[in-house]
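If you read the protein sequences in the order shown, they are chains A, B and C. Counted the way the numbering used here counts, the first sequence spans residues 123 to 423. Counted the way the numbering used here counts, the second sequence spans residues 123 to 423. Counted the way the numbering used here counts, the third sequence spans residues 123 to 423. Since the structure comes first, as structure tokens, the remarks are kept for the end.
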Amino acid sequence: MYTFFVRLNLVLVLVFMTLISPGQNKIVVFQSDFGLKDGAVSAMKGVAMGVSPELKLFDLTHEIPAYNIWEAAYRLQQTVPYWPAGTVFVSVVDPGVGTERKSVVLKTGTGQYIVTPDNGTLTLIAESLGIAEIRQIDEVINRRKDSQQSYTFHGRDVYAYTGARLAAGVIDFDQVGPVLPKQVVAIPYQKATLEGKKIKGTIAILDVQYGNIWTNIPGDLFQQLHPAFGESLHVALYHGGVRVYEGDMPYSATFGAVPVGKPLAYLNSLLQLSFALNQDSFAAVYKIGSGNDWSVEVSSK
Amino acid sequence: MYTFFVRLNLVLVLVFMTLISPGQNKIVVFQSDFGLKDGAVSAMKGVAMGVSPELKLFDLTHEIPAYNIWEAAYRLQQTVPYWPAGTVFVSVVDPGVGTERKSVVLKTGTGQYIVTPDNGTLTLIAESLGIAEIRQIDEVINRRKDSQQSYTFHGRDVYAYTGARLAAGVIDFDQVGPVLPKQVVAIPYQKATLEGKKIKGTIAILDVQYGNIWTNIPGDLFQQLHPAFGESLHVALYHGGVRVYEGDMPYSATFGAVPVGKPLAYLNSLLQLSFALNQDSFAAVYKIGSGNDWSVEVSSK
Amino acid sequence: MYTFFVRLNLVLVLVFMTLISPGQNKIVVFQSDFGLKDGAVSAMKGVAMGVSPELKLFDLTHEIPAYNIWEAAYRLQQTVPYWPAGTVFVSVVDPGVGTERKSVVLKTGTGQYIVTPDNGTLTLIAESLGIAEIRQIDEVINRRKDSQQSYTFHGRDVYAYTGARLAAGVIDFDQVGPVLPKQVVAIPYQKATLEGKKIKGTIAILDVQYGNIWTNIPGDLFQQLHPAFGESLHVALYHGGVRVYEGDMPYSATFGAVPVGKPLAYLNSLLQLSFALNQDSFAAVYKIGSGNDWSVEVSSK
Numbered sequence: 123m124y125t126f127f128v129r130l131n132l133v134l135v136l137v138f139m140t141l142i143s144p145g146q147n148k149i150v151v152f153q154s155d156f157g158l159k160d161g162a163v164s165a166m167k168g169v170a171m172g173v174s175p176e177l178k179l180f181d182l183t184h185e186i187p188a189y190n191i192w193e194a195a196y197r198l199q200q201t202v203p204y205w206p207a208g209t210v211f212v213s214v215v216d217p218g219v220g221t222e223r224k225s226v227v228l229k230t231g232t233g234q235y236i237v238t239p240d241n242g243t244l245t246l247i248a249e250s251l252g253i254a255e256i257r258q259i260d261e262v263i264n265r266r267k268d269s270q271q272s273y274t275f276h277g278r279d280v281y282a283y284t285g286a287r288l289a290a291g292v293i294d295f296d297q298v299g300p301v302l303p304k305q306v307v308a309i310p311y312q313k314a315t316l317e318g319k320k321i322k323g324t325i326a327i328l329d330v331q332y333g334n335i336w337t338n339i340p341g342d343l344f345q346q347l348h349p350a351f352g353e354s355l356h357v358a359l360y361h362g363g364v365r366v367y368e369g370d371m372p373y374s375a376t377f378g379a380v381p382v383g384k385p386l387a388y389l390n391s392l393l394q395l396s397f398a399l400n401q402d403s404f405a406a407v408y409k410i411g412s413g414n415d416w417s418v419e420v421s422s423k
Numbered sequence: 123m124y125t126f127f128v129r130l131n132l133v134l135v136l137v138f139m140t141l142i143s144p145g146q147n148k149i150v151v152f153q154s155d156f157g158l159k160d161g162a163v164s165a166m167k168g169v170a171m172g173v174s175p176e177l178k179l180f181d182l183t184h185e186i187p188a189y190n191i192w193e194a195a196y197r198l199q200q201t202v203p204y205w206p207a208g209t210v211f212v213s214v215v216d217p218g219v220g221t222e223r224k225s226v227v228l229k230t231g232t233g234q235y236i237v238t239p240d241n242g243t244l245t246l247i248a249e250s251l252g253i254a255e256i257r258q259i260d261e262v263i264n265r266r267k268d269s270q271q272s273y274t275f276h277g278r279d280v281y282a283y284t285g286a287r288l289a290a291g292v293i294d295f296d297q298v299g300p301v302l303p304k305q306v307v308a309i310p311y312q313k314a315t316l317e318g319k320k321i322k323g324t325i326a327i328l329d330v331q332y333g334n335i336w337t338n339i340p341g342d343l344f345q346q347l348h349p350a351f352g353e354s355l356h357v358a359l360y361h362g363g364v365r366v367y368e369g370d371m372p373y374s375a376t377f378g379a380v381p382v383g384k385p386l387a388y389l390n391s392l393l394q395l396s397f398a399l400n401q402d403s404f405a406a407v408y409k410i411g412s413g414n415d416w417s418v419e420v421s422s423k
Numbered sequence: 123m124y125t126f127f128v129r130l131n132l133v134l135v136l137v138f139m140t141l142i143s144p145g146q147n148k149i150v151v152f153q154s155d156f157g158l159k160d161g162a163v164s165a166m167k168g169v170a171m172g173v174s175p176e177l178k179l180f181d182l183t184h185e186i187p188a189y190n191i192w193e194a195a196y197r198l199q200q201t202v203p204y205w206p207a208g209t210v211f212v213s214v215v216d217p218g219v220g221t222e223r224k225s226v227v228l229k230t231g232t233g234q235y236i237v238t239p240d241n242g243t244l245t246l247i248a249e250s251l252g253i254a255e256i257r258q259i260d261e262v263i264n265r266r267k268d269s270q271q272s273y274t275f276h277g278r279d280v281y282a283y284t285g286a287r288l289a290a291g292v293i294d295f296d297q298v299g300p301v302l303p304k305q306v307v308a309i310p311y312q313k314a315t316l317e318g319k320k321i322k323g324t325i326a327i328l329d330v331q332y333g334n335i336w337t338n339i340p341g342d343l344f345q346q347l348h349p350a351f352g353e354s355l356h357v358a359l360y361h362g363g364v365r366v367y368e369g370d371m372p373y374s375a376t377f378g379a380v381p382v383g384k385p386l387a388y389l390n391s392l393l394q395l396s397f398a399l400n401q402d403s404f405a406a407v408y409k410i411g412s413g414n415d416w417s418v419e420v421s422s423k
């Protein structure tokens, strides 16, 4: 009887192992510049479901502006850390599809995987989460069957297919393809610096839905100004070196700390210094954009 | 042997109980005004998947106009009744994030849960489905670990996290926090009334995709005019008391009952009186909006 | 003991059969012209989850232009082949809701199911994948309980409900309703033809996100011009018979084969002849639309 229970337990353990996947966690998160108006995203998900119906498929966004690799890089940085280790991201912003850019899978220092063309998309995440390992996709093996005739939809034929197989445990990470040196194609950008009592940085991106201004000034650096909530900051914004905004605003813990329509400075959800108008759009009112040619200077008064 | 089978059955029952959750049903439905262009929605879902990979995550909409609490309330009323008991809704339209508004979980009379700031979002659902119980979220316990520095993204750090833990059965409803009196912050609005042979109401919302006009006149009230299909109704629409539309249109069971471009009155999918142009946009053609300052009068001819 | 293991195995097989569905694969994919701004899509999914929480729900797109049946037909053709056999599509572009158009479920030659009004939506998929069988939905049986009063949301009350029950195995395909003759309501359209050294076709649809021009000229037909990569093609586009574009462009394997902003011809992801500007919008620059009144002529130089 004792032997029997040992065997029974073994059988039940096997049942559980079938249900609970080892290593990867069966979660795939898609990002692209495809939009949601046609069938492209759905075709990628169909390929994934064909690999394994046990996968759980999610979207980061498909509204990356067409060919905007910087924004793809930013949205990964904004999101990847909140997903559990083992999650596989498939990011397809790929203006060079079919050309010689490498197709890779990066494993972050925190255990998420990112399947993408190595075209700058990995600039920020490689820096913030670190590279545990990076492999080039062997497209002879890791390519949807009978897709050799199609040259323009690697998102469906290579990236979704490979991401799904990795997430489902059909292939291990080392079956993706050969290991590469731990470096990625990086988009150059200016880091934030403290110069005397002034911090200089860039407008990394807009919080598009609300029109808030997100800089690349980390909270840690900003703390060196020893700001207190309610204290006034002096803020200047420049486009191509020309000043387009200058004003004072309080450093606030919440938007509601200032009247509706008034400016405030705050740490955004990524703990980076940001500017907003309470319940209005700073970007629209002052015609502010984002990118390396948009810079910012901040000082305590 | 008999004893053995009893034990085996017990083990198998335990296997099943692991698979089938008690109480909550592992379904979480998200609503917000975040839009789908950045990583905010995905960050919330990542937090939920970190709580339990067995959760099933869905979206109501993320296109609520920024800070529009009334529309958030309406979309919940439009949707919640069609989801099974035990479903957890996480609704984040939160202009007062970080201020003193309460964070709550309401259990409806029909068994769904709604996790939200108590800022008016619950106005309609509390009325239509009733309040079984409402609890304030204890943010000391029910808050994502290490998120105390972030003040502006309770959607991710408090609401998604708490909703996921409730849906997954990590916490029971009574572990959300203390019970509150059965009342919610309610946005005042004018109810529809019958005055003689005329019904007065408001334009509750637009059916935005098609430009149809949805009033707050319930089918039950409308029936007191004893309308027959095909019978003509006299309809007047007012904005701030000024008449902006007046005309006759048949009460119809289907859009196809009138020629393309012609007006009709019908009961919408929530069985409330509505107006449309067949295959055209009533709202665009006649420049109609919605809200408490948009009113309507309807009578049989 | 031997007998015991036989029984144990039987029990475990039953456990597995509960987990793995027979026939249909529990996957439902939704398409509509509802947009994502209100609760309509979510109401359909709630109904599906009420049928069975084990279903896996996905979206094709909900951004079909209002009432555009041709585009609904095209998006199905673009997507259905990439999903596994047994997948149930629910497509609701239904300008005739409540009128006499039939509600049907078509099983394709490759084993996917499509639940839709038979109003032209099936034009292309019936042709490309073939009709294994088509059945009319018996709306007396296959209709959400207590929904008889609602005339205008068959997407929720009939199509989502029936699609979910079919996908979940609550009903078999033959319980949908009576078999119909193997034909569908078809939107007439001009097929591509080879005339001498010239191919004539139509602009089937725009690749809306990028502004690329997708014709209905299949790669097989195009190969009869014996094109080589890099070879120049002569392309003319007509609207209502009037020439709106004429020019030469190379046949390319990748967009990167021409400079940014320059035109190229390529086979799209469905292997149909298409035209693009590298990293720009051909449709916007030359004001090109799509449909039966937009035609194309292509020849080798």
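C-beta atoms are modelled at their ideal positions from N, C-alpha and C, and glycine is treated no differently.
Item                                                                                                                    : Value
CB contact check: Thr243/B to chain C, cutoff 7 Å                                                                       : no
Pair within 7 Å by beta-carbon distance, Leu355/B and Ala387/B                                                          : yes
Nearest residue (CA-CA) to Val202/C, options Pro187/C, Gly161/C and Leu228/C                                            : Leu228/C
C-beta neighbour in chain B for Ile142/C, strict 7 Å                                                                    : Residue placement at Ile142/C is flagged as unreliable, the pLDDT there being 39, under the threshold of 50; a coordinate-derived value is accordingly withheld.
Where Pro372/B sits in the DSSP three-state scheme                                                                      : strand
Straight-line Cα distance separating Val418/A from Ile410/A                                                             : 11 Å
Listed by chain order, chain A residues near Trp205/C by CB distance under 9 Å                                          : Ser164, Ala165, Lys167, Gly168, Val169, Met171 and Gly172
Proximity to Tyr367/C [Cα-Cα], best of Phe377/C, Leu392/C, Val380/C and Pro385/C                                        : Pro385/C
CB contact below 7 Å: Ser269/C versus chain B                                                                           : no
Near-chain A residues of the segment 254-278 of chain B (beta-carbon distance less than 8 Å), N- to C-terminal order    : Gln271, Ser272, Tyr273, Thr274, Phe275 and Arg278
Whole-angstrom distance between Ile191/B and Thr243/B, CA atom to CA atom                                               : 6 Å
For Gly185/B, the three-state DSSP class (helix, strand or coil)                                                        : Reading the sequence as shown, one finds Glu at residue 185/B and not Gly. It is coil, neither helix nor strand.
Alpha helix (DSSP H) segment containing Ala194/A, residue limits                                                        : Ile191 to Thr201
Completely contained alpha helix (DSSP H) runs for the segment 307-392 of chain B, where each covers 4 or more residues : 341-344
Rounded separation between Met139/B and Ala286/B - CA only                                                              : With a pLDDT of 41 at Met139/B, under the threshold of 50, the modelled position of this residue cannot be trusted; read the value that follows with caution. Approximately 19 Å between the Cα atoms of the pair.
Minimum Cβ-Cβ distance from Leu182/B to chain C less than 7 Å                                                           : yes
DSSP-derived helix/strand/coil call for Gln234/B                                                                        : coil
Cβ-Cβ separation, Val306/C to Asp240/C (assumed contact under 8 Å), whole Å                                             : 6 Å
Extent of the continuous alpha helix (DSSP H) run through Ile149/A                                                      : Premise fails: Ile149/A lies in the beta strand (DSSP E), Ile149 to Ser154, not in any alpha helix (DSSP H).
Arg85/A burial status per 10 Å Cβ neighbour count (16 or more: buried)                                                  : The question about residue 85/A has no answer, for chain A in this structure spans 123 to 423.
Strand pairing of Pro239/B, partner residues [DSSP]                                                                     : Ser225/B
DSSP state of Thr140/B mapped onto helix, strand, coil                                                                  : Bear in mind that the predicted position of Thr140/B carries a pLDDT of just 43, short of 50, making it too unreliable to give a figure here.
Assumed close pair Ser225/B, His276/B - CB separation to whole angstroms, cut-off 8 Å                                   : 7 Å
Near-chain A residues of the segment 391-418 of chain C - C-beta to any C-beta below 7 Å                                : Ser391, Leu393 and Gln401
Beta-carbon separation (whole angstroms), Val380/B vs Ala282/B, contact threshold 8 Å                                   : That pair is no contact at about 45 Å.
Which of helix, strand or coil DSSP assigns to Glu176/B                                                                 : coil
Under the three-state DSSP convention, the category Arg257/A falls into                                                 : strand
The segment 392-399 of chain B / the segment 287-302 of chain B touching (three or more Cβ pairs under 8 Å)             : no
Cβ of Gly231/A within 7 Å of any chain C Cβ                                                                             : no
Three-state class that DSSP yields for Gln394/C in the structure shown                                                  : strand
Integer-rounded CB distance, given that Phe295/C should sit under 8 Å from Arg257/C                                     : 7 Å
Val210/C - partner residues in DSSP beta bridges                                                                        : Val150/C and Tyr235/C
Neighbourhood of Gly333/B by C-beta, 6 Å cutoff - its chain only, sequence neighbours within 5 removed                  : Ser403, Phe404, Ala405 and Ala406
Anticipated Cβ contact below 8 Å, Val210/B with Ile149/B, distance rounded                                              : 7 Å
Sequence-distant residues of its chain with Cβ nearer than 8 Å to Phe377/A (five each side left out)                    : Leu386, Tyr388, Ala398, Asn400 and Gln401
Pro300/A versus Met166/A - alpha carbon distance                                                                        : 24 Å
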